[in-house]
Each structure stands twice: as structure tokens, then as C-alpha cells.
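Enquirer:
Residue numbers (my numbering), protein chains in the order written: chain A, 1 to 363; chain B, 364 to 726.
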């Protein structure tokens with residue numbers, strides 16, 4: 001990281017010796033992965049990211065489409081196995097991988113995690129963990145002693161970790177308020193109006209809070225080191241493609257157990273924008289863009305501003321490296337299943353709050 | 364205004380010929396003012412601002428403190444009269460002024476506006492109009508045919524007017540979401556824990572929403588050209604100086620009659636910060652700082668950003684010039700009493716929503 005801007009004397013001594021990878025272990029070796037689900041995210045971001053890591057290698061891809069797995073096998077030398085979901089469940093190529101990354105529609109996570117756990121494989125499961133709280137609880141239970149991590153890539157993003165450390169060190173005084181935003185034009189990104197993110201059988205409670213709102217919610221939890229207590233929400237869907245989901249656009253407020261109040265929004269039908277701000281009694285921390293691949297951190301206090309230019313890590317590589325390091329060293333994983341469950345309970349409460357018009361406790 | 368930044372060809376033809384003062388009339392002459400209330404705002408901002416205008420002059424100041432009025436008279440040659448509130452009510456120096464500016468604690472606006480209206484003087488009344496909806500309604504009724512304007516200085520801020528025009532012209536597509544923030548460290552600004560903003564008998568429903576939250580609420584109304592339909596809110600007061608008011612910190616959501624959803628916050632116990640953002644289907648408009656004296660406008664669309672450097676108007680001078688021009692020409696005033704009443708109804712609804720935990724309609 002480098003820093004530019006007004007007044008940096010407050011923290012100059014620690015300005016450049018910050019260690020964003022304090023989670024490193026002494027683990028050697030590589031963790032071999034089966035990637036379950038070969039959609040846009042896996043092919044565009046995950047496969048290339050794993051190639052750049054020291055500790056991870058993709059050996060197996062799982063998809064209903066042989067065409068997709070063949071294409072990946074042709075492109076990546078390390079990928080020796082392309083199997084269907086049924087073959088994966090039946091244990092085909094099970095000796096070729098040590099861990100499973102699940103990146104399929106929300107409501108299908110459970111079956112794939114159950115299979116992975118039966119095979120005794122460590123699990124890295126995309127967020128939200130599942131479509132409903134009840135299914136997420138079953139997912140956690142299915143893992144038992146098998147290592148389970150929910151894939152919040154913000155947790156290993158250096159700018160976010162630095163924001164968290166600054167807040168913890170009192171750089172902005174006591175946190176008071178959070179503003180979080182995450183919007184994108186879903187139908188411009190994926191033109192199909194029948195895509196799974198708009199289908200409640202596959203997405204769960206809805207679309208924008210499950211898919212986007214979970215970022216400000218969870219990243220606020222992470223940087224505040226606090227959990228949600230109660231929520232309110234308003235939602236609306238007007239575009240016909242959003243007929244089956246309530247939250248084309250949503251606002252939601254969250255009161256955290258440290259007394260911080262958050263005002264958040266999510267939209268699948270707005271311009272691309274992400275931002276997370278924590279206002280404290282003495283200053284502000286701003287992540288903007290917050291949840292995309294180029295997270296930028298600014299800290300403001302007493303009229304002075306310090307802007308950090310991150311070195312631009314590949315967030316997926318960072319996350320996979322973390323997971324591999326911890327699993328290989330048999331160290332605890334963060335976020336674990338219980339952490340992920342809290343988010344899903346909060347998302348469920350947000351939807352209940354929007355439907356009832358009342359404040360709902362997260363419990 | 365000047366513009367810098369990436370891609371400006373979209374609006375280059377109208378980039379510099381924008382007219383922020385399209386409200387000008389052909390009125391000649393000056394409007395002579397009595398300023399009612401000689402606190403920090405009046406002495407620091409209003410008196411100096413009026414000195415710089417063409418159309419306004421201060422002839423009279425009204426305060427319970429003869430020391431204060433004497434000091435103003437010594438400093439400003441035009442100020443010939445210093446009178447007490449009782450003398451003002453009794454009509455002393457009534458021929459020396461044409462209009463009255465009311466800048467006293469919220470719950471005292473009504474009596475001063477009633478006196479001004481009885482004297483047949485045009486009224487410029489600070490926001491919020493009064494402490495409660497009921498008293499604000501009496502204030503509007505008291506004015507009858509006397510011109511009444513509520514002092515929303517954002518309405519004549521060139522950056523805000525430009526934001527409004529850009530939104531109206533479709534620069535960001537259809538508005539989807541608003542994020543509004545207004546926080547300040549009240550007890551650092553005014554150290555007295557017994558100040559009127561913390562006394563419900565004088566401030567009304569509370570402190571941060573009445574005093575600060577009204578800015579994002581009203582400015583959103585102005586730039587969207589929309590009115591609030593329903594609200595939700597959470598509030599908390601933990602510092603002992605805030606014992607009598609519920610909203611040391613508050614978040615509130617507002618659904619507007621154009622379908623836009625707003626997520627807003629206000630705090631009297633946070634770092635100084637103001638921001639208003641409108642996210643549309645195609646881009647974003649950001650005012651940051653929004654509600655202070657140096658409002659800055661940025662427009663983002665398709666990855667390109669246009670930043671406007673305003674020429675830095677004195678917002679109080681601009682507002683007084685507007686008021687004088689319109690009153691002298693006998694033209695309608697914006698915001699009028701009905702406009703101000705809507706805000707007070709929304710603020711009352713926000714407090715009711717926070718207390719009940721339920722969604723409350725603004726009606």
C-alpha cells in the first residue's frame with residue numbers, strides 16, 4: 001500500500017509496515033480443489049485467480065455441462081477431471097482433490113456441501129450460504145468436523161482489513177453510523193430475464209439483499225467486529241423481470257450490538273456502485289469502490305484526509321490463499337458456518353421486516 | 364461554475380451557459396429586514412451575507428439581549444434599531460423594515476411569525492418551521508396573505524440546482540435510490556449541554572432529525588421533485604446531554620411518491636460530514652459536502668465522472684437575494700408554508716416510526 005494526502009503524521013510510524021496477511025501460517029504444500037459450478041464467476045475470476053496462488057491448484061471441475069468442463073480442461077493444464085453433479089456426489093475423482101469450492105445457485109449449495117462433507121473434503125462455500133436459514137442450518141450441520149468457510153472475499157481484502165484495524169485502533173473515535181450501498185444493473189450484466197437470481201426457488205428470499213446487500217451488511221460486521229441485533233426494510237420491484245422477487249430495490253437499516261446504526265441499500269436495477277462508510281465520533285472511514293475488485297480506502301479526521309492506494313490484490317486469489325493456508329495448517333477458518341448463518345438470519349429478518357413494515361429482531 | 368474530469372461531451376454544449384439564478388426578477392430597490400434572533404447563525408452568517416447583497420439591508424435586530432443588539436448596531440451602520448421580542452411584538456420600529464427573518468429556537472417561531480404577519484411583513488422563517496406539525500399549521504394560517512418562505516438555503520445553492528436540472532434532464536436515468544447523511548459534533552460546536560437543541564420544549568420532536576436530517580430529506584425532495592409517502596426509523600441517545608431527546612443518532616428511510624427509496628442518517632454526536640447521492644438507472648449524482656457552505660457536485664455515468672467546482676456562493680446571501688427579488692416583484696415563493704409543512708409531517712412520522720418500530724405514512 002502507498003499513501004497520499006493531507007495529514008499522515010498521526011499514523012506515520014505504522015503507515016507502510018502494515019501486514020494485511022497476518023493470517024499466514026507455515027503451511028507448505030498445495031490444496032487441490034474441485035470447483036463446483038462453472039458459471040461466469042468461476043471462469044472469469046476463480047480459475048484465473050487460483051492459477052496465481054502458491055497454495056492452491058484446480059484439479060477438478062463440476063458442472064452439468066460437459067461442454068463447459070471440457071472447455072476448462074482444455075484451457076487449464078492442472079484440471080484433469082470434469083465431472084457432472086451426480087458423478088461428484090457419487091465420489092468420482094474424489095482422490096484428485098482435497099477441498100471443494102461451491103459456486104452454484106444459492107438453493108443448490110446444500111446438496112453439494114453435503115456431498116463434499118461425505119467425501120471428507122474441506123468446503124469453501126459462496127455467500128449467501130443457502131437460500132433459507134433452515135437450509136443453511138442443515139448445511140452447517142452436514143459439515144460436522146469438516147472445515148467450512150463461507151466465501152466473504154472482503155475479509156482478506158487488504159483495504160478492508162486496514163479499515164478494520166484503523167477502526168479498532170480508534171482512528172475515527174467510537175463508530176456511530178454506517179452507510180452501505182451496493183447496486184448494479186443485473187439485466188445489463190446478464191440479459192436473461194429468467195436467470196436464477198430472479199427465481200425465488202433458486203435465489204431464496206429475494207435478489208438484491210441476498211446477492212448485494214449482504215456485502216455492506218457483512219463488511220460492516222467485519223470492520224465493526226459487531227453483529228446485527230434488529231433491522232427494518234423497505235423493498236420494491238417494478239420491472240417485469242423482477243415479478244417473482246420483492247427487492248429489485250431495497251433499503252434496510254441495521255442496529256448492531258455495539259450500538260452502531262447502519263443505513264444500507266441494494267439494487268439490481270441501478271447504476272453500478274458500491275460504497276461503505278463508517279462515521280465515528282472523530283472521523284470517517286470510506287471504502288469506495290467497496291465491494292468490487294479495486295477497493296479503495298480513505299480515512300478522514302479533523303478535516304485531514306489520508307487516501308490509501310492498495311496494490312490491487314486479486315481478491316479471489318487472496319481468499320483462496322487464506323483458505324488453503326489455514327486448512328493445510330489445521331487452523332480455524334473465518335468466516336465459519338456460524339458467522340455465515342448470522343447473515344442469513346439478518347437477510348431473512350430484512351425480508352420479514354419489509355413485508356410486515358415492522359422492526360424485526362435478528363435471532 | 365467550472366468543470367473538470369473525464370467525459371464531458373454529453374453535456375458540453377450547456378456546460379458553461381447554465382443559469383443558476385433563473386429565479387431573478389426585474390425588481391428594483393431593497394427589502395429592509397428585521398432579524399429576529401441574534402444567535403450564532405445570525406451574527407456569523409446572516410448579517411455578513413446580507414451586507415453583500417444588492418436587494419437586502421438589515422435595519423433592525425430583535426433579541427432579548429440589549430447587549431447583543433447594541434453590538435450588532437455598533438458593527439453594522441445600516442442597523443438603526445435594536446428591539447426586544449416584546450417591543451417587536453408591539454410594533455416598535457415597524458416602519459423601518461419590510462420583511463422579517465426568524466431564526467430563534469424552533470418552538471418560538473410561531474409567536475414571532477404571528478407578530479410579523481400582524482404587522483403585514485413578509486416572513487422568511489428558518490427550518491424546521493416550528494416544533495410540531497400543529498404549531499406549524501398555525502404558523503401557516505397566521506400568515507394568511509402575507510408572503511411566507513421557509514429558509515431552505517439548498518434551494519438556491521447553484522450546485523444543488525444544477526443537480527436537480529441534471530436529474531430532470533435524465534442524466535442519470537430514472538432515480539432509484541438516495542443516500543443522505545448529515546452529522547456534526549454538536550457538543551463540540553456549542554459546549555453547553557443545556558442548549559435549546561437538546562431541550563424538547565424548544566426543539567420539538569427531537570434534535571438530529573429536526574436539525575440535520577431535514578437537510579437530506581428536503582434536498583432529496585427538491586432534486587427529485589417528489590414528496591415523501593412513508594418512512595421508517597431507528598433512533599438512539601446514549602450521551603447524558605441527550606437524555607431528553609430520542610435521536611442523538613438516527614437512521615431513517617423514506618419512500619417518495621416517484622418510487623425512489625432513500626436511506627438517510629443524522630447524528631448530533633458524530634464527525635462533521637454531509638453527503639447526498641442519487642443513484643439512477645444510468646448513473647449517479649453526488650453532492651459532497653452537501654449541506655455546508657461549500658457544496659460540491661459530481662456526476663458519474665458509465666464509468667466517466669464530471670466534477671463541478673462551484674464558484675462558492677454565500678448560501679445565505681443567495682437565499683436572501685432570492686427572497687427579496689421575489690417579494691419585491693410580488694412573485695410566488697419557494698419553499699412556501701405548505702412545502703415546509705410536508706417536511707414537518709415527515710419528521711413527525713419519522714419520530715413516530717422510531718417509537719413504534721413500524722412503517723408510518725406521511726399524511
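Heads up, the beta-carbon is just placed ideally off N, CA and C, and yes, glycines get one too.
Here the structure is a predicted model, which is why all the values come from computation and not from measurement.
DSSP state of residue 340 (chain A), grouped into three classes?
Expert: helix
Enquirer: Just the Cα atoms here: how many angstroms apart are residue 398 (chain B) and residue 700 (chain B)?
Expert: 19 Å
Enquirer: Would residue 632 (chain B) count as contacting chain A if we go by Cβ distances under 8 Å?
Expert: Closer than 8 Å to some Cβ of chain A, the Cβ of residue 632 (chain B) qualifies, so yes.
Enquirer: Where does residue 379 (chain B) sit, in a helix, a strand or coil, going by DSSP?
Expert: coil
Enquirer: Got a sec: is the Cβ-Cβ distance from residue 99 (chain A) to anything in chain B below 8 Å?
Expert: no
Enquirer: Quick check: what's the CA-CA separation for residue 245 (chain A) versus residue 195 (chain A)?
Expert: 12 Å
Enquirer: Ignore the nearest five residues each way along the sequence and tell me which others in residue 161 (chain A)'s own chain have a CB closer than 7 Å to its CB.
Expert: 20
Enquirer: Taking DSSP's pairing of strands, which residues face residue 545 (chain B) in a bridge?
Expert: B:629 and B:637
Enquirer: For residue 101 (chain A), list the residues DSSP reports as bridge partners.
Expert: A:35 and A:124
Enquirer: Decide if residue 5 (chain A) is buried, meaning its Cβ has at least 16 other Cβ atoms within 10 Å, or exposed.
Expert: Bear in mind that a pLDDT of 41 at residue 5 (chain A), under 50, signals an unreliable position, so the number given afterwards is only what the model happens to contain. Classification for residue 5 (chain A): exposed.
Enquirer: Is the Cβ of residue 558 (chain B) closer than 8 Å to any Cβ of chain A?
Expert: no
Enquirer: Do you know offhand how far residue 411 (chain B)'s Cα is from residue 712 (chain B)'s?
Expert: 36 Å
Enquirer: Count the other CB atoms within 10 Å of the CB of residue 208 (chain A); is the residue buried (16 or more) or exposed (fewer)?
Expert: buried
Enquirer: Any beta carbon from chain A within less than 8 Å of residue 637 (chain B)'s own beta carbon?
Expert: no
Enquirer: Should residue 189 (chain A) go down as buried or exposed, given a rule of 16 or more other Cβ atoms within 10 Å for buried?
Expert: exposed
Enquirer: Within the 8 Å Cβ cut-off, does residue 352 (chain A) reach chain B?
Expert: no
Enquirer: Buried or exposed for residue 345 (chain A), going by 16 or more other Cβ atoms inside 10 Å?
Expert: buried
Enquirer: Return no unless some Cβ of chain B is closer than 8 Å to the Cβ of residue 213 (chain A).
Expert: no
Enquirer: Indicate whether at least one CB of chain B lies closer than 8 Å to the CB of residue 163 (chain A).
Expert: no
Enquirer: So, does the stretch 642-657 of chain B touch the stretch 274-288 of chain A, judging by three or more C-beta pairs under 8 Å?
Expert: no
Enquirer: For residue 622 (chain B), return the contacting residues in chain A, with the cut-off set at a CB-CB distance below 9 Å.
Expert: 236, 238 and 249
Enquirer: Flag residue 172 (chain A) as yes if its beta-carbon sits less than 8 Å from any beta-carbon of chain B, otherwise no.
Expert: Yes, contact with chain B.
Enquirer: Please identify the residue among A:122, A:307 and A:272 whose C-alpha is closest to the C-alpha of residue 146 (chain A).
Expert: A:122
Enquirer: Residue 127 (chain A) and residue 101 (chain A) look like a contact to me (Cβ under 8 Å); what is the Cβ gap, rounded to whole Å?
Expert: Not quite, the Cβ-Cβ distance comes to about 12 Å (not below 8 Å), so this is no contact.
Enquirer: What did DSSP end up calling residue 688 (chain B) once you bin it into helix, strand or coil?
Expert: helix
Enquirer: Compute the beta-carbon to beta-carbon distance between residue 81 (chain A) and residue 59 (chain A), rounded to the nearest angstrom, for a pair I have assumed lies under 8 Å.
Expert: 6 Å
Enquirer: Give, in chain order, every residue of the stretch 638-656 of chain B whose Cβ lies closer than 7 Å to some Cβ of chain A.
Expert: 642, 643, 644, 645, 646 and 647
Enquirer: Taking only beta-carbon atoms, is residue 255 (chain A) less than 8 Å away from chain B?
Expert: Using a Cβ-Cβ cut-off of 8 Å, residue 255 (chain A) counts as an interface residue toward chain B, since at least one Cβ of chain B sits closer than that to its own.
Enquirer: Do three or more CB pairs link the stretch 416-436 of chain B to the stretch 387-403 of chain B at distances below 8 Å?
Expert: At 8 Å Cβ cutoff, the stretches touch.
Enquirer: Hey, quick one: how far does the alpha helix (DSSP H) through residue 228 (chain A) stretch, first residue to last?
Expert: Unbroken run through residue 228 (chain A) is the beta strand (DSSP E), 228-236; no alpha helix (DSSP H).
Enquirer: Output, in sequence order along the chain, the residues in the stretch 179-193 of chain A whose CB is closer than 9 Å to any CB in chain B.
Expert: Listed in sequence order: 179, 180, 181, 183 and 185.
Enquirer: Who are residue 602 (chain B)'s beta bridge partners in DSSP?
Expert: DSSP lists no partner for residue 602 (chain B).
Enquirer: Can you tell me where the beta strand (DSSP E) with residue 301 (chain A) in it begins and where it stops?
Expert: 297-301
Enquirer: State buried or exposed for residue 689 (chain B), treating a residue as buried only when at least 16 other CB atoms are found within 10 Å of its CB.
Expert: It is buried - the Cβ of residue 689 (chain B) has at least 16 other Cβ atoms within 10 Å.
Enquirer: Please name the residue in B:648, B:621 and B:613 whose C-alpha comes closest to that of residue 753 (chain B).
Expert: It is not possible to answer for residue 753 (chain B), since the shown part of chain B is limited to 364 through 726.
Enquirer: Measuring CA to CA, which of B:522, B:539, B:469 and B:392 is closest to residue 273 (chain A)?
Expert: B:539
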